[in-house]
């Protein structure tokens with residue numbers, strides 16, 4: 781049995797039957813399936829997704845009438861797997877635990893602007909480094925230095941020139 785390759789490929793038109801179309805008797809009588817699309821909001825994280833009504837209903841059947849996004853569904857499955865073998869939890873209990881976790885994450889304060897948060901963190905780091913004594917700042921984090929009397933050659937350290945901070949402030 782040999783496979784043949786067609787060299788002439790015709791573009792697919794809108795009237796050609798598609799895999800998601802229902803075949804009613806013959807190919808000529810095929811009509812496209814109009815799947816209704818709706819929005820569903822996750823009961824845990826609040827994510828809104830555009831899904832077909834059939835998919836929304838299947839998810840609601842699994843989670844006792846509540847709609848859960850795919851990521852939260854995986855987290856709920858993980859909650860069930862992590863539960864004690866002595867006392868396994870139900871899907872509803874796992875969903876409640878995950879929803880509580882999501883609410884606790886959503887209630888934590890979020891910086892209004894990520895750039896402002898970064899600038900504030902850098903400012904705090906700079907202030908801490910300037911407030912520390914100079915001896916501590918210039919000491920390397922490596923083991924203590926040996927003195928020339930230890931039989932090694934003396935190490936030369938880099939001399940510090942003027943600070944660049946007055947230039948930046950001016």
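In the working numbering, the protein residues as written are 781 to 950. We put the beta carbon where it would ideally sit given N, CA and C, even for glycine. All values reported here derive from a predicted model rather than from experimental measurement.
Along the stretch 863-890, the alpha helix (DSSP H) occurs as fully enclosed runs of 4 or more residues at 871-886, listed in sequence order. One alpha carbon belongs to residue 824, the other to residue 845, and they sit about 13 Å apart.
Counting the other CB atoms within 10 Å of its CB gives residue 866 a total below 16, which places it among the exposed residues.
In the three-state reduction of the DSSP assignment, residue 900 falls in the helix class, which pools H, G and I.
Inter-residue distance for residue 881 and residue 874 is about 11 Å (C-alpha atoms, whole angstroms). With respect to residue 834, residue 821 sits apart: the two C-beta atoms are not nearer than 8 Å.
In the DSSP annotation of this structure, residue 833 is not part of any beta strand (DSSP E); the continuous alpha helix (DSSP H) holding it starts and ends at 833-842.
The C-alpha of residue 896 is placed about 12 Å away from the C-alpha of residue 904.
Straight-line measurement puts the Cα of residue 911 at about 45 Å from the Cα of residue 877. Taking the C-beta atoms as reference points, residue 843 is found no nearer than 8 Å to residue 870. The Cβ neighbour count for residue 901, taken over all protein chains shown within 10 Å, is under 16; the residue is labelled exposed.
Burial of residue 848 is indicated by the presence of at least 16 other C-beta atoms within 10 angstroms of its C-beta. Cα atoms of residue 864 and residue 856: separation of roughly 15 Å, rounded to the nearest angstrom.
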